[in-house]
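The block underneath contains the structure these notes are about, expressed in structure tokens.
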Amino acid sequence: METVSANFDAAYWQARYATGRDGWDAHTITPPLRTYFDQLDVAAQPRILIPGAGRAYEAEYLHQLDFRQVLVADIAPEALDALATRVPDFPRQHLLLADFFSLSNAPAYDLIVEQTFFCALNPALRPAYAQQCAHLLRPGGTLMGLLFDTDFGAVQEPPFGGSREEYRAYFAPYFEFRHFETSTNSLKPRQGRELFICLKRHSN
Ligand SMILES: C[S@@+](CC[C@H](N)C(=O)[O-])C[C@H]1O[C@@H](n2cnc3c(N)ncnc32)[C@H](O)[C@@H]1O
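Okay, so the sequence shown: first residue is 1 according to the numbering used here, each after it adds one.
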């Protein structure tokens, strides 16, 4: 992949939302995440982070299932406003207008949910993404979600693609791989092009 020089900041993402260049937006929860959330134990009330959450249909779905420790983080206010409008009783203090890389791990999370955030970052930040996920999770905590296993070519702005072999190297220092395979129930345009991942943070 060509080196990408830009950092995609809040103004960049806000402009993409404002001009409707938001082709990543599924307008609903995606089947792989829904299937995973449906088997989570709501009684345990896990502390869940959705970084780069965008309009955060996952947070809405989890809220409907009575998960009450769901936090979403995004640098674009429009994304968080959309969730607040759709779900007026979603706790305002769980809407974090913040850079993922500056989030605190106090208290640590049980679960981090990934969907089209990793591919939105400058690829040079991928090792730091894996490290920050590990930092934010408690020992034994889970990073789950979807990663594009697709070559989008020599693009200069998101989404940036990649391969499972490349990704493995970023996560291996911090995580045990429970699942790292092509997703079987992706949205149609993403079928065969994304991995479903479930990684457990090492205990040390
Ligand atoms: C491609 S969109 C994906 C949104 C959402 N995950 C989805 O699937 O619809 C990437 C999102 O990440 C946000 N973002 C980009 N860099 C970020 C950062 N460093 N910290 C937090 N959010 C970020 C953008 O504002 C945007 O909402």
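Ideal placement from N, C-alpha and C gives every residue a C-beta, glycine not left out. Since the model is a prediction, treat every value here as computed from it, not as a measurement.
Exercise. If you drop the 5 nearest sequence neighbours on each side, which residues of the same chain put their C-beta closer than 8 Å to that of Y17?
Worked result: A76, E78 and A79
For this session: Return the residue from the list Q115, F152 and F160 that minimises the CA-CA distance to A59.
Result: Q115
For this session: Note the first and the last residue of the continuous beta strand (DSSP E) segment covering D110.
Result: Y109 to Q115
Problem set entry | Own chain partners of N238 with C-beta closer than 8 Å, once the 5 adjacent residues on each side are dropped | There is no way to answer for residue 238, as the model of the chain reaches only from 1 to 204.
Exercise. Going by other Cβ atoms of all chains shown within 10 Å of its Cβ, with 16 needed for buried, is E194 buried or exposed?
Worked result: buried
Problem set entry | With 16 other Cβ atoms within 10 Å as the buried cut-off, status of V70 | buried
For this session: Determine, using beta-carbon pairs with one atom in the stretch 165-177 and one in the stretch 124-137, whether at least three such pairs fall under 8 Å.
Result: yes
Exercise. Going by C-alpha distance, which of Y57, F90, D99 and D89 is nearest D9?
Worked result: D99
For this session: Taking only the alpha-carbon atoms, compute the straight-line gap between G20 and A26 and give it to the nearest angstrom.
Result: 13 Å
For this session: Give the DSSP-derived three-state secondary structure of H27 in the structure shown.
Result: coil
Exercise. Any heavy atom of ligand 1 closer than 6 Å to the CB of I75?
Worked result: yes
For this session: Please list, in chain order, all residues of the same chain as L111 whose beta carbon is under 6 Å from its beta carbon, the five residues on each side excluded.
Result: P46, I48 and T142
Exercise. Where DSSP assigns a beta bridge to G145, which residues make up the other side?
Worked result: E114 and I197
For this session: List the residues that DSSP assigns as beta-bridge partners of D74.
Result: L97
For this session: Report the rounded CA-to-CA distance for A56 versus F171, giving the unit in angstroms.
Result: 24 Å
Exercise. From what residue to what residue does the beta strand (DSSP E) around L49 run?
Worked result: I48 to P51
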